[in-house]
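Chemist:
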Amino acid sequence: MKTVNLEKERLNLKKLINLARKEPILLITSDGKEFCIAEADDFEREVEALRASQAFQKFLDERSACKGRISLEEIEKELEQEMAG
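Structure below.
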């Protein structure tokens, strides 16, 4: 997966699509938001590319470390308590 920081590199739509034809693209906007651009018909290839992407794995690690999130286990525990009571 290629990472493109839009603050440092300007892309027009044609160039972006040409890049995405070769591999999924992780776009980082000037405000830090991240978007993935990939060919829609090749889902399995996209999944493998994302799994192999250190940048994407780092992104997932950072997202999961964010405070203010509730784990699935906590939600399940709360639901069980509500259903029992």
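Numbering (numbering that gives the first Met the number 0), first residue to last: 0 to 84.
From the three backbone atoms N, C-alpha and C, an ideal C-beta is built for every residue, glycine too.
Quantities reported herein were computed from a predicted structural model and do not represent experimental measurements.
Residue ranges of each alpha helix (DSSP H) run of no fewer than 4 residues wholly in the segment 50 to 82, ordered along the chain?
Modeler: For the alpha helix (DSSP H) assignment, the uninterrupted runs of no fewer than 4 residues enclosed by the segment 50 to 82 are, from N- to C-terminal side, 53 to 64.
Chemist: Just to confirm the assignment, what range does the beta strand (DSSP E) spanning residue 17 have?
Modeler: As a position in the sequence shown, residue 17 is number 18, starting the count at 1. Here residue 17 belongs to no beta strand (DSSP E); instead the alpha helix (DSSP H) covers 12 to 21.
Chemist: Give me the DSSP bridge partner(s) of residue 34.
Modeler: As a working mapping, residue 34 is identified with position 35 in the sequence shown. Residue 34 is bridged to 26.
Chemist: What first and last residue would you give for the beta strand (DSSP E) that runs through residue 1?
Modeler: As a working note, residue 1 is residue 2 in the sequence shown. Start and end: 1 to 4.
Chemist: Round the Cβ separation of residue 49 and residue 55 to the nearest angstrom and send it over; I've been treating them as touching at under 8 Å.
Modeler: Along the sequence shown, read from residue 1 onward, the residue named residue 49 stands at position 50. Along the sequence shown, read from residue 1 onward, the residue named residue 55 stands at position 56. That belief holds up - the Cβ atoms of residue 49 and residue 55 are roughly 5 Å apart, short of 8 Å.
Chemist: Are the Cβ atoms of residue 37 and residue 45 separated by less than 8 Å?
Modeler: The residue you call residue 37 lines up with position 38 of the sequence shown. The residue you call residue 45 lines up with position 46 of the sequence shown. Cβ atoms of residue 37 and residue 45: closer than 8 Å.
Chemist: Counting Cβ pairs, one atom from each stretch, are 3 or more of them under 8 Å apart for the segment 21 to 30 and the segment 1 to 8?
Modeler: yes
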